[in-house]
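These notes concern the structure reproduced below.
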Amino acid sequence: RISRLIVKNTDNKPVGIISFRDLFEISLQLGSEEDVTESAALSGAVRTGFLSEEGFGGVSLAKDVMTPNIISIKPDEDLAVASKIMLENGV
Numbered sequence: 004r005i006s007r008l009i010v011k012n013t014d015n016k017p018v019g020i021i022s023f024r025d026l027f028e029i030s031l032q033l034g035s036e037e038d039v040t041e042s043a044a045l046s047g048a049v050r051t052g053f054l055s056e057e058g059f060g061g062v063s064l065a066k067d068v069m070t071p072n073i074i075s076i077k078p079d080e081d082l083a084v085a086s087k088i089m090l091e092n093g094v
């Protein structure tokens, strides 16, 4: 099960991370009941796609919702070190 996505730059270096929470928060910020027209509500029309500042069908970019400056460790790092880093950074 995937819970996060790593965002990489053109050099394939990690520059951010996107979580479900990030997507949920931006959907709350950009969406509102005002976006649903009366005719769409009456017809039962269901919108598909992701809401952006331009409305449904617009483009939302990963860089606009990602958490930048990710902290990483090596795969063979001791979990005690990982825990310490997470506590120090409020993760």
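Residue numbers (our numbering): 4 to 94. In this text, a Cβ means the ideal position worked out from N, Cα and C, and glycines have one as well.
So the beta strand (DSSP E) isoleucine 20 belongs to, where does it begin and stop? 17 to 22
Sheet register partners of isoleucine 9 (DSSP bridge): Ile20
Boundaries of the alpha helix (DSSP H) in which glycine 89 is found, first to last residue: It is methionine, not glycine, that sits at residue 89 in the sequence shown. 82 to 91 is the extent of the alpha helix (DSSP H) around methionine 89.
How many whole angstroms separate the CB atoms of proline 17 and isoleucine 73, which I take to be in contact at a CB cut-off of 8 Å? 6 Å
In whole angstroms, what separates the C-alpha of aspartate 81 from that of glycine 93? 19 Å
Kindly indicate which residue of Pro78, Thr70, Asp79 and Ser86 has the alpha-carbon position closest to the one of isoleucine 29. Thr70
In angstroms with no decimal places, state the Cα-to-Cα distance between isoleucine 21 and isoleucine 9. 7 Å
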